[in-house]
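Q: Let me begin by handing over the structure; questions about it come next.
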Amino acid sequence: MTTSNRHVPETAPSHGPGRRRQAWWREFAALWAFGLREYRIWQSYRVNQVLWMTNILVTTLLFFLLGRTIVGQAPSLLGAAYGTNYMSFVVIGVTINIFINTNLSDPYIRIQRSYFNGTMDLFLLSPMSVYTPLLGLMTKSILDDYPRLFFTFGFGMLLFGATFNFAPWPLAFLFTVLFLAAGFGLGLLSASLFYLLDIKKGTEPIQFVVQQLLATLLAGIYYPVTVLPKSLQWVACLIPHTYAYDALRRLLDPGARASVAVLPIQQVLPGLSPVLIDGGALLLLTVILLPLGAFAYGCGIERARRNGTLTRWQ
Amino acid sequence: MSETTEDAVFLEHVTKTYPGVERSLRGTKLEWKGPALWLRNLVGVARLTSNMAPSVQALSDLTLRIKPGKIFGLVGPNGSGKTTLMKIVAGLLQPTYGTGFVAGTDLKNTREIRRKVSYVSTTGWMGLEWPLTAEENIRFFATLCGMPTPLARIRTEEALHAVDLWGDRRKYPSQLSNGMRQRVILARALLFHTPLILLDEPTVGLDPVHVQVLLDLLRGRLRTHGQTIVLTDHQAAEMEAIADRIALLNAGELVMLGTPAELRASLREVTVIEVHTEEMDLPTMPSPALVLAAEHIERPGALAMRTWRVYAHTSSEALQTVLDWIVQPTGRVVFLAETAPNLQDVLALPRVPYGAATSGHGESVPAHREALL
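Protein chains in written order, with the working numbering: chain A, 3 to 316; chain B, 10 to 382.
This is the structure in structure tokens:
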């Protein structure tokens, strides 16, 4: 066996000046490696990419056809706050739902797959942070799901008559970052149950309750929350999705009015701008959910290390 | 630096008990699913009910010291606690009780331990990335561990040459045999010159030629880099050929510890008599003063035959004792031969835990012998 005489350090030193900076750099390098790997895998499934675009087209078409059945009723259905174009309303709903679903549901799914195919064992043997593999594995979801934004908006605008006001895009971007962060906080909580509650197969409760139940029924993806009974509107105010839909529709839908209160929490705080309330609520949820999720995930890993369920194959 | 942190591995009174797993209800009407499963697990984690399933004691009050720069062998039958011990040292598992240091790092600091340990297990190839080639797999792991790209390129090439896989570097795991996949993960462990390499049954799946390549590689690597290598095997014979020191584990307890020569010496008062009989059970064993133990050995292909290894005190009467005990009353013996015992035979003998008859870290052979017999 030959050996290298090069004096290149194998890994960053664990002590000494610059340790923290080097540690961060090492984590970024690992994330980059994950990104390249996931991109390569994503590229190798070309048929999947065609199916992926077809799926977006069909989803958008479905709501276009639904929108045609309520021609003339859209203004009364959407109310004064969200303009009059149902296609614009629903394109924003579908896009946000894809984004937040990725951040909320995928951490658990990625951990689950990686655990059963054995690669998580390998990641846990490397000296990187336990959070880095989770973020790295999410790259696949980001590659798969985030670009759908362009297709949903593109199909909506080019084929089905959706119109948008892109002038306040910096604010829209800020809201997007906030709801993605809050969604990822929930995603971390969801992933933590893999280890904390030993839910290794099927669906775990957070994803089921928040995404499949509350968000789908109450947050207002396809209809405004005003169609719901008041009590359910209050329940909708517990999840970040509701504020994201409300704020982004007010910002991007032409004819939408920023000052008309829709959500119950906006109605009880009449002195404050509804968009400001949405921003505050999203910020609060992010500040609570993100650290809580990270803490729970760390606790889950340590519990598994104690119980001997951290790795499956090694 | 204290004495303990100078050791490659120092474990003190390490015990590992796995929590009991309730009997599966799969396939019955009572199978836990969906919300019922969530609730059951929540109740279990919150300890609102007691876990009635019996826990599993994998390691029991184990104290062990491994000196740096040596090859240390862990031998024991299936379920003896070898893998549990390796996982504790690798930082993948937390002991229930006990303390320890790995390459000077406290067992609790698992992240730092992972920086100092390369770990390869029998089924480690399950961790291969199937959409990546053998070479890409190794370089991917190098990047995950923070190795700079130029060095990763050099080390990957070296490691693949070392395990005789350079010619197959562009193959995907699905195009490699199990043995070749095993060599890919061995190559992965060779990437880093970590102070400690843990190899959990690394020869499983390898053909005899590559077992020899691996053993030569380990010896050579130790000379070059001064790394400590801990490897497990359930076959003592392979271990005798390579290890500087060997620990014998059984049922989570340390049975014996010493150099291969010391362990062999501890058996010098034991003789082994191999007896091939027709299908039959042995008559009642004579006094333990004469015969220590007898075990049935599986011999593939020996239909309607049984092979027994009889352990007796080395004496001129040993063979006669066995003749009186088995041959004369049954008359169904077809072959009988006296052989020297090997390390594998230690595990078949009646034993008491290591340390029960010794004090502290004493490893004197006569004391072991006493404890053993």
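A virtual CB, placed ideally from N, CA and C, is assigned to each residue, including glycine.
Can you give me the start and stop residues for the alpha helix (DSSP H) that Asn-259(B) sits inside?
A: That residue, Asn-259(B), is in no alpha helix (DSSP H); its beta strand (DSSP E) goes 254 to 259.
Q: Taking Ile-102(A) as part of the beta strand (DSSP E), name the residues at either end of that continuous run.
A: Not the beta strand (DSSP E): Ile-102(A) falls in the alpha helix (DSSP H), residues 88 to 119.
Q: Under 8 Å between beta-carbons, which chain A residues line up against Tyr-181(B)? List them in chain order, please.
A: What Tyr-181(B) touches in chain A: nothing, since even the nearest Cβ is about 11 Å away.
Q: Check whether the Cβ atoms of Lys-76(B) and Ala-17(B) lie closer than 8 Å to each other.
A: yes
Q: Decide yes or no for the touch test of the stretch 318 to 331 of chain B against the stretch 281 to 293 of chain B: beta carbon pairs closer than 8 Å, at least 3 of them.
A: yes
Q: Which chain B residues are close to Arg-307(A), counting only those with a beta carbon under 9 Å from its beta carbon?
A: Gly-100, Leu-101, Leu-102, Gln-103 and Thr-119
Q: Which residues, in chain order, does the stretch 189 to 200 of chain A contribute to contact with chain B at a C-beta distance below 7 Å?
A: Leu-198, Leu-199 and Asp-200
Q: Run through DSSP, which three-state label would Ala-67(B) get?
A: DSSP places Ala-67(B) in the strand class (E or B) of the three-state scheme.
Q: Rounded to whole angstroms, what's the CA-CA distance from Leu-174(B) to Met-189(B)? Just pull it up for me.
A: 8 Å
Q: Per DSSP, what are the beta-bridge partners of Phe-344(B) in this structure?
A: According to DSSP, which records beta bridges pairwise, Phe-344(B) is partnered with His-285(B).
Q: Please check if any C-beta of chain B sits within less than 8 Å of the C-beta of Thr-61(A).
A: Taking CB atoms only, Thr-61(A) has no neighbour in chain B less than 8 Å away.
Q: Can you give the Cα-Cα distance for Pro-350(B) and Glu-278(B), rounded to whole angstroms?
A: 10 Å
Q: Say whether chain B places a C-beta atom closer than 8 Å to the C-beta of Pro-129(A).
A: yes
Q: Chain E partners of Pro-207(A), CB-CB under 8 Å?
A: The structure shown contains no chain E; its protein chains are A and B.
Q: Helix or strand or just coil, what does DSSP make of Leu-63(A)?
A: helix
Q: Please go through the same chain and pick out, in chain order, the residues whose beta-carbon is closer than 8 Å to the beta-carbon of Asp-354(B), but skip the five residues on each side of it.
A: Leu-276, Val-279, Val-281, Arg-318 and Tyr-320
Q: With DSSP collapsed to three states, give me the class of Lys-232(A).
A: helix
Q: Report buried or exposed for Met-289(B), applying the criterion of at least 16 other Cβ atoms within 10 angstroms of its Cβ.
A: exposed
Q: What does the alpha-carbon distance come out to for the pair His-22(B) and Ala-184(A)?
A: 45 Å
Q: For the candidate residues Leu-190(A), Met-130(A) and Leu-253(A), whose alpha-carbon lies nearest to that of Tyr-174(A)?
A: The amino acid occupying residue 174(A) in the given sequence is Ala; Tyr does not appear at that position. When only C-alpha atoms are compared, the closest one is Leu-253(A).
Q: List the whole-angstrom C-beta distance separating Thr-244(A) from Leu-265(A), where the pair is believed to meet the contact cut-off of C-beta under 8 Å.
A: 7 Å
Q: So with Cβ pairs under 8 Å, would you call Ala-296(A) a contact of chain B?
A: no
Q: Closest by CA to Ser-192(A), which one among Phe-30(A), Cys-301(A), Leu-271(A) and Leu-64(A)?
A: Nearest neighbour of Ser-192(A) by Cα position, chosen from Phe-30(A), Cys-301(A), Leu-271(A) and Leu-64(A), turns out to be Cys-301(A).
Q: Going by C-alpha to C-alpha distance, which of Ser-116(A), Asn-99(A) and Gly-95(A) sits closest to Trp-139(B)?
A: Ser-116(A)
Q: Residues of chain A with a CB under 7 Å from the CB of Leu-51(B): which are they?
A: Leu-199
Q: Tell me which residue opens and which closes the beta strand (DSSP E) that Ser-143(A) is part of.
A: Taken as a continuous stretch (DSSP letters only), Ser-143(A) belongs to no beta strand (DSSP E), being part of the alpha helix (DSSP H) at 133 to 147.
Q: Residues of chain A with a CB under 7 Å from the CB of Phe-81(B): which are they?
A: Chain A residues near Phe-81(B): none, gap ~19 Å exceeds 7 Å.
Q: Residues of chain B with a CB under 9 Å from the CB of Ser-46(A): which are they?
A: Pro-140
Q: State yes or no: is the C-beta of Arg-162(B) within less than 8 Å of the C-beta of Ser-128(A)?
A: No. Outside cutoff.
Q: Below 7 Å CB to CB, which residues in the same chain sit around Ala-82(A) once its five sequence neighbours on both sides are set aside?
A: Arg-259 and Val-262
Q: Hey, is Gly-155(B)'s beta-carbon within less than 8 Å of any beta-carbon in chain A?
A: yes
Q: By Cβ distance below 6 Å, which residues in the same chain neighbour Leu-224(B) in space, the five residues on each side in sequence not counted?
A: Ile-251
Q: Determine which residues share a DSSP beta bridge with Ile-80(B) and list them.
A: Ile-238(B)
Q: Can you give the Cα-Cα distance for Thr-114(B) and Gly-204(A), rounded to whole angstroms?
A: 39 Å
Q: Quick check on Lys-232(A): buried or exposed, where buried means 16 or more other Cβ atoms within 10 Å of its Cβ?
A: exposed
Q: Quick check: the Cα distance between Phe-157(A) and Leu-145(A), rounded to an integer number of angstroms?
A: 19 Å
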